[in-house]
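Novice: So the sequences go chain by chain: A and B. The numbering used here puts the first residue of the first sequence at 1283, with every later residue one more than the last. The numbering used here puts the first residue of the second sequence at 288, with every later residue one more than the last. Virtual Cβ for every residue (Gly too), placed ideally from N, Cα, C.
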Amino acid sequence: MSTSLRPGEIVLEHATRTFSVRADRGRTLKEMLLRRRHERVGPPPVQALCDVNLHIEPGQTVGIVGRNGAGKSSTLRVLAGIIPLDSGTVACGGEIVSLLEIGAGFGRDFSGRENIYLNGALHGLGRSQIDERLESIVAFSELGHFIDAPVKTYSSGMFLRLGFAIAAHLDADIMLIDEVLAVGDEAFQRKCLARIAQRIEAGTTLVLVSHDADLIERRCERVIVLDGGRVVCDGPATEAMAFYHRLMGTPTPEAVG
Amino acid sequence: MAGMLSAVSEALRYRYLFEQMVRRELRQKYKGSVLGVLWYLVNPLVLMGAYTVMFSLVLHSPFAIHDYALFVLVGIVVWTFFQQAIMSATTSLLDQGALVRKARFPRESIPASVVTVQLVTFVMIMTLVCPVVFVVHGSLSAALIELPLYMALLFAFALGVGLVVSVLHAFFRDMEPIIGAALLPWFFITPIFFPIQRFPGAASHPGLEPLLHWANPMAPFVTAIRAVVFDGHSPGLADVGYMVGAAVLALVLGQLLFRRHAGELAVVV
Chain A
1283 MSTSLRPGEI VLEHATRTFS VRADRGRTLK EMLLRRRHER VGPPPVQALC
1333 DVNLHIEPGQ TVGIVGRNGA GKSSTLRVLA GIIPLDSGTV ACGGEIVSLL
1383 EIGAGFGRDF SGRENIYLNG ALHGLGRSQI DERLESIVAF SELGHFIDAP
1433 VKTYSSGMFL RLGFAIAAHL DADIMLIDEV LAVGDEAFQR KCLARIAQRI
1483 EAGTTLVLVS HDADLIERRC ERVIVLDGGR VVCDGPATEA MAFYHRLMGT
1533 PTPEAVG
Chain B
288 MAGMLSAVSE ALRYRYLFEQ MVRRELRQKY KGSVLGVLWY LVNPLVLMGA
338 YTVMFSLVLH SPFAIHDYAL FVLVGIVVWT FFQQAIMSAT TSLLDQGALV
388 RKARFPRESI PASVVTVQLV TFVMIMTLVC PVVFVVHGSL SAALIELPLY
438 MALLFAFALG VGLVVSVLHA FFRDMEPIIG AALLPWFFIT PIFFPIQRFP
488 GAASHPGLEP LLHWANPMAP FVTAIRAVVF DGHSPGLADV GYMVGAAVLA
538 LVLGQLLFRR HAGELAVVV
């Protein structure tokens, strides 16, 4: 499927995905047996993605913005191959590295160092490949001797440091980042952004979800505004962000200044 | 065919992940406890001790088998592996929900790793049981070299069943109590406390013995492993063929069912 795409290229065609929103997502036998007689009660299904068409070129930096529940994170999870589509197609060229949630895939009782191995393995690396990068990852994270402490003792900022340090050392053609940088301190955020910029120089595609309008405007050449699972605006960052601000009812920076 | 090839190349690429998961599972459960990994041995050993004492001493060897305690012990070791493997596989995908929801990797590695952890325990306990047999019997049979083969076949069978129950439980939360309820009667119809010919009523109903032996996949496994460890002879060829068939069938069906529903796992767990 992805063989015809260039590394870093992303194509979404008529992507549609709905979720049923219920307290207990697993079905039980009783519900199965009773379903024939009773229509399901509860809120109607949510359209997370509704006929989304996207073509992202290799090396592009794309920001995704929209209100809560607009489908931003769902889009990233679809691109990352974690959730399938109901209809339409998704195709990504090359290696995808995603940073969707701080601390996802960490064993809480294990040290930072052990978690580097587990996390690297989750991305399909072998022991020797992780060995090669270990020192550099530890150095990047600036965790010092905490690297040998169990990660359950970490603060969320320290989780981000470790998670980002690992992600930064994977050879990504596509980087998917969901609102995680915000918990880092200013110095580390700068370091992350510098690292991302370095990656982009090297031709990596970046898809960034954030509510930080400033960050999006500084880092992304293209911005996609989602609303109710649909693309309502897709264009150069300045224009799309102006649209987004109007959508949110917030004054644009010019109007304030 | 192409699907098979990509599955194989994926499995090769992620083999280190699988190794990491097995290690993590082995160490995480009892991390911080004094005995650590040894707890994996303590629980099955206590269970076996209790059953063995109850059935061999309290009931006074009801089947007139020499070294009845040992006879029961071997059967219980085999059953304990199967039961623990299935029960831990059932909840494994939900236990690792954080991973499933946020990362992309072959989901099979989760149930496979917990079943493998049970295999590690199984091998360790078998390694302890064999010297005991030697001491009690005074000798070990040459048929014992077949033991790893039958253990591997049982592992494959348990892995196949484990794939099925893990994915079913992710979608239907009733699976865990159903499995729990099914394992208990299954345990009592499996020839663990008795040779299959001695099952109550087997003498008067000629059809009962083959039915108990062939309709229950665990019966040939228990009988074969007990044959090489305790009785000191190889199992029949029909039993060996049956075990190979059961292992292959369970793996193929398990993999098919798992692959078919693995996509939605990040949504349902």
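Quick check on DSSP: helix, strand or coil for A/F1388?
Specialist: Looking at A/F1388 - three-state DSSP - the assignment turns out to be coil, as it is neither helix nor strand.
Novice: Keeping to the same chain, check which residues put their C-beta closer than 8 Å to that of B/E297; ignore five residues upstream and five downstream.
Specialist: Same-chain partners within the cutoff: P393.
Novice: Please name the residue, chosen from B/V345, B/G449, B/T339, that lies closest to B/A356 on a Cα-to-Cα basis.
Specialist: The shortest Cα separation from B/A356 among B/V345, B/G449, B/T339 belongs to B/T339.
Novice: Is the beta carbon of B/A549 closer than 8 Å to that of B/R388?
Specialist: Their beta carbons are not under 8 Å apart, which means B/R388 does not touch B/A549 by this criterion.
Novice: Just to check my reading of the structure: A/L1400 and A/G1389 have Cβ atoms closer than 8 Å, yes? What is that Cβ distance to the nearest angstrom?
Specialist: Contact holds; Cβ gap of about 6 Å.
Novice: Give the secondary structure of A/A1373 by DSSP, where H, G and I count as helix, E and B as strand, and everything else as coil.
Specialist: Strand, per DSSP.
Novice: Starting from the beta carbon of A/P1366, find every residue of chain B whose beta carbon is closer than 8 Å, and list them in chain order.
Specialist: Simply G550, E551.
Novice: Quick one: Cα of B/A443 to Cα of B/G541, how far?
Specialist: Those two C-alpha atoms are separated by around 10 Å.
Novice: Check the DSSP bridge columns for A/R1512 and list the partner residues they point to.
Specialist: Note: A/R1512 sits in a beta bridge opposite A/D1509.
Novice: Which first and last residues belong to the alpha helix (DSSP H) in which B/F409 is found?
Specialist: It spans 396 to 424 - the alpha helix (DSSP H) in which B/F409 sits, taken as one unbroken run.
Novice: Within the continuous alpha helix (DSSP H) that includes B/F508, where are the two ends?
Specialist: Where B/F508 is concerned, the enclosing alpha helix (DSSP H) stretches over 505 to 513.
Novice: B/F409 touches chain A at which residues, Cβ-Cβ below 8 Å?
Specialist: Near B/F409 there are no residues of chain A at all, since even the closest Cβ is about 24 Å away, more than 8 Å.
Novice: Just curious, the alpha helix (DSSP H) that A/S1380 is in, first and last residue?
Specialist: Unbroken run through A/S1380 is the beta strand (DSSP E), 1378 to 1381; no alpha helix (DSSP H).
Novice: Taking 8 Å as the CB-CB limit, is B/A468 close to chain A?
Specialist: No - not a single Cβ of chain A is within 8 Å of the one on B/A468.
Novice: What are the partner residues of A/Q1597, as DSSP defines its beta bridges?
Specialist: Missing from the structure shown is residue 1597 of chain A; chain A here goes from 1283 to 1539 and no further.
Novice: Which residues in the same chain have their Cβ closer than 6 Å to the Cβ of B/R546, if we skip the five residues on either side of it in sequence?
Specialist: Excluding sequence neighbours, B/R546 sits near nothing in its chain.
Novice: Just the chain A side, please: which residues come within less than 9 Å of B/Y437 by C-beta, in chain order?
Specialist: Under the 9 Å cutoff, chain A gives no residues; its nearest Cβ is about 31 Å from B/Y437.
Novice: Starting from the beta carbon of B/V295, find every residue of chain A whose beta carbon is closer than 9 Å, and list them in chain order.
Specialist: Correct list: empty, because the minimum Cβ distance to chain A is about 14 Å.
Novice: Look at B/P522 and B/A511 and say whether their C-beta atoms are less than 8 Å apart.
Specialist: In this structure, B/A511 lies closer than 8 Å to B/P522 by Cβ.
Novice: Taking A/T1487 as part of the beta strand (DSSP E), name the residues at either end of that continuous run.
Specialist: Taken as a continuous stretch (DSSP letters only), the beta strand (DSSP E) holding A/T1487 covers 1487 to 1491.
Novice: In the DSSP assignment, find the beta strand (DSSP E) that holds A/T1532 and state where it starts and stops.
Specialist: Premise fails: A/T1532 is in no beta strand (DSSP E) and is neither H nor E.
Novice: Which residues of chain B have a Cβ atom closer than 9 Å to the Cβ of A/L1404, listed in chain order?
Specialist: Y301, L304, Q307, L386, A390, R391, F392, listed in chain order.
Novice: Return the chain-ordered list of same chain residues with a C-beta closer than 6 Å to the C-beta of A/Q1329, the five sequence neighbours on each side being excluded.
Specialist: Here the set comprises T1300, G1511.
Novice: Go to B/D382, then tell me how far its alpha helix (DSSP H) extends in each direction, as first and last residue.
Specialist: Element bounds for B/D382: 355 to 382.
Novice: Going by DSSP in three states, A/M1283 sits in which element: helix, strand or coil?
Specialist: Any reading at A/M1283 needs caution, since the residue's pLDDT is 47, under 50, leaving its predicted position unreliable; the model's value is listed next. Coil.
Novice: Below 7 Å on C-beta distance, what does B/Q315 contact in chain A?
Specialist: Near B/Q315 (Cβ distances below 7 Å), the residues of chain A are G1389, D1391.
Novice: Rounded to whole angstroms, what is the Cα-Cα separation between A/G1308 and B/V556?
Specialist: At A/G1308, the pLDDT of 49 sits below 50, so the modelled position is not reliable and the matter cannot be decided from this model.
Novice: In chain order, what residues of the same chain lie with their CB nearer than 6 Å to the CB of A/R1319, ignoring the 5 residues before and after it?
Specialist: Note that A/R1319 scores a pLDDT of 48, beneath 50, so its modelled location is shaky; the value from the coordinates is reported in the next line. The answer is none, since no qualifying residue turns up.
Novice: Is there a C-beta anywhere in chain B that falls below 8 Å from the one on A/E1461?
Specialist: No - not a single Cβ of chain B is within 8 Å of the one on A/E1461.
Novice: Are the segment 514 to 521 of chain B and the segment 428 to 437 of chain B touching by the rule of at least three beta carbon pairs closer than 8 Å?
Specialist: Counting Cβ pairs under 8 Å, three or more are found: they touch.
Novice: Closer than 6 Å by C-beta to B/S379: which residues in its own chain qualify, once you throw out the five before and the five after it? Chain order, please.
Specialist: For B/S379, where only same-chain residues beyond five positions count, the Cβ hits under 6 Å are I397, P398, V401, S453.
Novice: Compare the Cα-Cα distances from B/T477 to each of B/L344, B/R314, B/V365 and report the closest residue.
Specialist: Looking at the Cα atoms, B/V365 is the closest of the given residues.
Novice: Where do the ends of the alpha helix (DSSP H) carrying A/G1439 lie?
Specialist: 1438 to 1450 is the extent of the alpha helix (DSSP H) around A/G1439.
Novice: Using 10 angstroms around the beta-carbon of A/G1531, count the other beta-carbons present and answer buried if the total reaches 16, otherwise exposed.
Specialist: Classification of A/G1531: exposed, given that the 10 Å Cβ count is below 16.
Novice: Can you tell which of A/F1428, A/N1397, A/A1386 has its C-alpha closest to the C-alpha of A/D1413?
Specialist: Residue A/N1397 is the option with its Cα nearest to A/D1413.
Novice: I need the straight-line Cα distance from A/A1484 to B/L322, nearest angstrom please.
Specialist: Cα to Cα, the separation comes out at about 50 Å.
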